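Student: Supplied in structure tokens, the structure appears directly below.
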Amino acid sequence: MEIKYEEGGDLTSFFLELENVMKAASEATESPLTDGRKSFISRIKMSIESKVREIQAQERYSRIKGTPESHSTQAERALIAPSQDSALADQAAVPVDVCGYCQKPRHNIRQCRTLQKDLRDSSMNTTK
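Numbering-wise (the UniProt record's numbering), the sequence shown opens with residue 1 and increments by one.
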């Protein structure tokens, strides 16, 4: 809508008409939210932002201080004394699996071929 002031026209009526048009335009562009809803949304937004800042601060703190797991890992490493012989150090660093079934090293009971073979043989004997 276009409003023009004509020379010699009534200035008061022009301003009243202009005011009405501007009021209608502002109402048309204004969001339908009430003041209560606007304040509720702003409180939620502030709450979310504060939670995000809190989580970021906790992450920064845990990165700086380290996690409890890293402290225990550091303590375990500190307890292992360095040995003179590098071969012994390599053996101490690598956990040695000993099978609970056949008592042989480098595998556990889940990987034991002897146990698997015995189980297979016993199942074949019971089916006959």
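C-beta: ideal position from N, C-alpha, C; glycine also. None of these values were measured; they are calculated from a predicted model.
#1: Determine the direct distance from the alpha carbon of Val52 to that of Ile109, and round the result to whole angstroms.
#2: Where Asp118 and Tyr61 are concerned, what is the direct C-alpha to C-alpha distance, given to the nearest angstrom?
#3: Within this structure, are the beta carbons of Ile48 and Val21 separated by less than 8 Å?
#4: If we ignore side chains and look at the alpha-carbon of each, how far apart do Ala24 and Ser50 end up?
#5: Thinking just about the alpha-carbon of each residue, which of Asp97, Ala57, Asp35 and Phe40 is nearest to the one in Gln111?
#6: Kindly indicate the opening and closing residues of the alpha helix (DSSP H) around Arg106.
#7: How is the alpha helix (DSSP H) around Arg29 delimited, first residue to last?
Tutor: On the basis of the data shown:
#1: Looking at the two C-alpha atoms, the distance is approximately 48 Å.
#2: About 55 Å.
#3: Contact: no.
#4: Counting only the Cα atoms, Ser50 lies some 38 Å from Ala24.
#5: For Gln111, the nearest C-alpha among the options comes from Asp97.
#6: Premise fails: Arg106 is in no alpha helix (DSSP H) and is neither H nor E.
#7: Sequence inspection shows Thr at residue 29; the Arg mentioned does not correspond to that position. Leu11 to Thr29 is the extent of the alpha helix (DSSP H) around Thr29.
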